[in-house]
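Chains A and B supply the protein sequences, listed in that same order.
Residues 95 to 429 (this note's numbering) are what the first sequence spells out, left to right.
Residues 95 to 429 (this note's numbering) are what the second sequence spells out, left to right.
Protein chains: 2
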Amino acid sequence: MSATIKDIAKRLRISPSTVSRALNNKPGISKKTISAVNIMANKLNYKRNSLAVSLRQDKSFCIGVVVPWISNYFFAEAISGIEHVAFCAGYQIIIAQTNDDEEEEKRALQALTSSRVDGILLSTGSKVKGVSHIRAIQKEVPIVLFDRTIKRLKLSGIGAEDYRGAYEMTKHLIKSGKRKIVHLSGPKNVEIAMNRLSGYKSALSKHKIPFKRHLVIDCDFNESLVHPTITKLISEGVEFDALFASNDDMAVQAIISLKKYGKKVPEDIAVAGFGNYPVSKIVNPQLSTVNHQPKEIGIQATKVLLNQIDQLTPVVNLIIKSELILRDSSCNSVD
Amino acid sequence: MSATIKDIAKRLRISPSTVSRALNNKPGISKKTISAVNIMANKLNYKRNSLAVSLRQDKSFCIGVVVPWISNYFFAEAISGIEHVAFCAGYQIIIAQTNDDEEEEKRALQALTSSRVDGILLSTGSKVKGVSHIRAIQKEVPIVLFDRTIKRLKLSGIGAEDYRGAYEMTKHLIKSGKRKIVHLSGPKNVEIAMNRLSGYKSALSKHKIPFKRHLVIDCDFNESLVHPTITKLISEGVEFDALFASNDDMAVQAIISLKKYGKKVPEDIAVAGFGNYPVSKIVNPQLSTVNHQPKEIGIQATKVLLNQIDQLTPVVNLIIKSELILRDSSCNSVD
DNA sequence: ATGAAAGCGCTAACAG
DNA sequence: CTGTTAGCGCTTTCAT
């Protein structure tokens, strides 16, 4: 079918190794041979077989990326950053999505190790309880976690300032005069969601506002649960003057839902989110949120992984700076 | 490092070929051997080396996906669909983004052929003029185009009903009493953008509304050009009572921009988009748009490609049904 | 039911 | 500067 270095060698009556060296600019090959080889390679439409190179060199120049969902603002942006850095470094990326499921995550990691990827970037699924499937492969291939990190594994992790971002945002709501702040949280077993919850709690306690359990509602990062939640709060007569959601999709739905009930945002109820999704700039009023820089997280995670691949550098934990973005959904004029 | 079939064979004092056959459930191996092999494989933590298998079988069970941008609602959704179908069929996907650039597209395709992917799903970049880089590899590996298709290449293509969707949407605007309809178009060398423009034009002519060249403005699928465009239209006193944008991001910006100028949507100016992006449901008023089903396009494209890989089926051109979604940004009450 | 041997395409000692 | 040889891990005839 397609030409190999043997074919080139035969036509030129030289040895395959010389062809290989010429093609890879190895030292000690005459200019003449190099040009002859290149010309013949072109003529025969030669394409290097990376599979063979990888097998021989025990190095695939390929990294695996495992995420819960590919489409989804955060991961799509992160993957974009990952691809960029990887491509620039000569690596390809194999992507797998797990639908947040443990079994699928397991299979994806299996498949990637079989493919002999040089490293793996992993964001674990929210329904993943165990870590044995990760432990099972962490001696064989460098793994870097991003966003959905897991502390108990001694693995490098790159994430956002979830705690500080939530803390600052809650503080902002408090500073603008709000006291009864509802928090729509994410799943309990997702560390970032719990970190955001912690930030919210800390800000409250720092400002001597008692934490009220019934003001925290787990909406599972699922925006379709928001309207029912708001409906319940209002019908039960729960008093609140602000709402901080663990992600923007939930916050945006909250704004829409609150407006349906005649509540003014931010006068009656200030709303804030997390993530700086595109929708946050479109909703009316525009949403105050935290930019956790998904693309940057992907970029840095990849850089850490590539380092780890090259030199077996030690485990690192990187926190990418998050920035508060104050818009009209919270009373930032008062601040 | 990691165990191979040779290691298993040695420990069991049998031959590597037997181990291979046992591991792959080939006929003619005794139950006893099979179970012994499996136990030993487990014990040695054996992982099949897909690189070696691929090299040997000349089949990588891997498909390449090339898109202009990974993050971007349409492509992220499409890729999600692609990954799903591919994974279910036992294929992995290597993803590359081209930033709409011809040189990068070329390199990506090169890299993928080197990696001996079994097939390629390609959506060409808007700044890609030539097709020689595609021609160069289309004999070596099955290629299926999606979304950004190219007619002059005899390749399978899967796309949306761009023409019909635009036609129906324009017709809808006309039916609701609008006559002076601005069209914010996409790049001239992107076929889908031109198909949408054609649909717009056809609807006008079908309803005896003269086509006005100055009402079509190329915004290059770039929403940041929209506000300046609207500003210009208004300051120049151009009269229009509706606006149809070639994608939702542009349409949403148009709504925001028009509202800034005190125009009522849809009473003064009706607005419609294309794509059914998440923002279309968030903007106020909600945007009338065309759902072109990105995930479904990805799914079908992958199915076609897998067929092509397996049996060299003929070239097909699939059009995925698009649906009109009428919301408040256009006067659908009148319809 | 199993083994021996060849080879996928490539690179890397080693030798000259 | 170039060739010879061996082998990465696996599958697949062809034997037996």
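Virtual Cβ for every residue (Gly too), placed ideally from N, Cα, C.
Residue pairing by DSSP puts residue 191 of chain A in a beta bridge opposite A/161. For residue 418 of chain A, the enclosing beta strand (DSSP E) covers residues 417-419.
At a beta-carbon threshold of 8 Å, none of the residues of chain A lie near residue 196 of chain B; the nearest stands roughly 15 Å away. With a beta-carbon spacing of about 14 Å, residue 180 of chain A and residue 160 of chain A fall beyond the 8 Å limit used to define contacts. One Cα belongs to residue 417 of chain A, the other to residue 395 of chain A, and the distance between them is close to 19 Å.
Taking the Cβ atoms as the reference, residue 193 of chain A lies roughly 25 Å from residue 236 of chain A, outside the contact range of under 8 Å. Close to chain B, meaning a Cβ-Cβ distance shorter than 7 Å, are the following residues of the stretch 177-190 of chain A: 177, 181, 186, 187, 188, 189, 190. Contacts between residue 377 of chain A and chain B, judged by CB atoms closer than 7 Å, involve 376 in chain order. For residue 138 of chain B, the nearest beta carbon of chain A is not closer than 8 Å to its own beta carbon. With respect to chain A, the C-beta atom of residue 360 of chain B has no partner C-beta closer than 8 Å. A straight-line Cα-Cα distance of about 12 Å links residue 112 of chain A and residue 129 of chain A. Taking 8 Å as the CB threshold, residue 247 of chain B stays off the interface with chain A. In this structure, A/295 is the residue among A/295, A/242, A/238, A/250 with its C-alpha nearest to the C-alpha of residue 265 of chain A. Look at residue 118 of chain A here: in three-state DSSP terms it is coil, with no helix or strand label.
Under the three-pair Cβ rule at 8 Å, the stretch 164-173 of chain A does not count as touching the stretch 143-153 of chain A.
By a beta-carbon distance limit of 8 Å, residue 293 of chain A does not contact residue 168 of chain A. Their separation comes to about 18 Å.
Under the Cβ distance rule, residue 171 of chain A counts among the residues neighbouring chain B, one pair being separated by less than 8 Å. Taking residue 200 of chain A as the centre and dropping the five residues before and after it, the same chain places the C-beta of 227 closer than 6 Å to its C-beta, in chain order. At least 8 Å separates the beta-carbon of residue 208 of chain A from that of residue 287 of chain A.
Contact with chain A is found for residue 372 of chain B, since one of that chain's Cβ atoms lies less than 8 Å from the residue's Cβ.
Of all residues in the stretch 146-162 of chain A, those with a C-beta nearer than 7 Å to a C-beta of chain B are 146, 148, 149, 154, reading in chain order. Around the beta carbon of residue 241 of chain B, a 10 Å sphere encloses 16 or more other beta carbons of the protein chains shown; the residue is thus reported as buried. For residue 409 of chain A, there is no enclosing alpha helix (DSSP H), as DSSP marks it with neither H nor E.
For residue 202 of chain B, the enclosing alpha helix (DSSP H) begins and ends at 196-208. In this structure residue 252 of chain A touches residue 412 of chain A by the C-beta definition: roughly 5 Å separates them, less than 8 Å. Using a CB distance cut-off of 8 Å, residue 207 of chain A counts as an interface residue toward chain B. Considering only beta carbons, the part of the stretch 209-242 of chain B lying closer than 7 Å to chain A consists of 209, 210, 234, in chain order. One finds nothing in chain B with a Cβ atom closer than 9 Å to the Cβ of residue 384 of chain A; even the nearest lies about 18 Å away. Unbroken alpha helix (DSSP H) runs of no fewer than 4 residues, entirely contained in the stretch 312-399 of chain B, are found at 320-329, 342-354, 373-376, following chain order. At the C-beta level, residue 244 of chain A and residue 196 of chain A stay beyond 8 Å of one another. Judged by beta-carbon spacing, residue 360 of chain B lies within the 8 Å limit of residue 379 of chain B, meaning their Cβ atoms are closer than that value. When Cβ-Cβ separations below 8 Å define contact, residue 144 of chain B makes contact with chain A.
Partner residues in a beta bridge of residue 247 of chain A, as assigned by DSSP, do not exist. Annotated as proximal: residue 373 of chain A and residue 342 of chain A, with beta-carbon spacing under 8 Å.
Taking the beta carbon of residue 164 of chain A as reference, the chain B residues within 8 Å of it are 170, 173, 174, 177, listed in sequence order.
If you check the CB distance, residue 109 of chain A and residue 103 of chain A come in under 8 Å.
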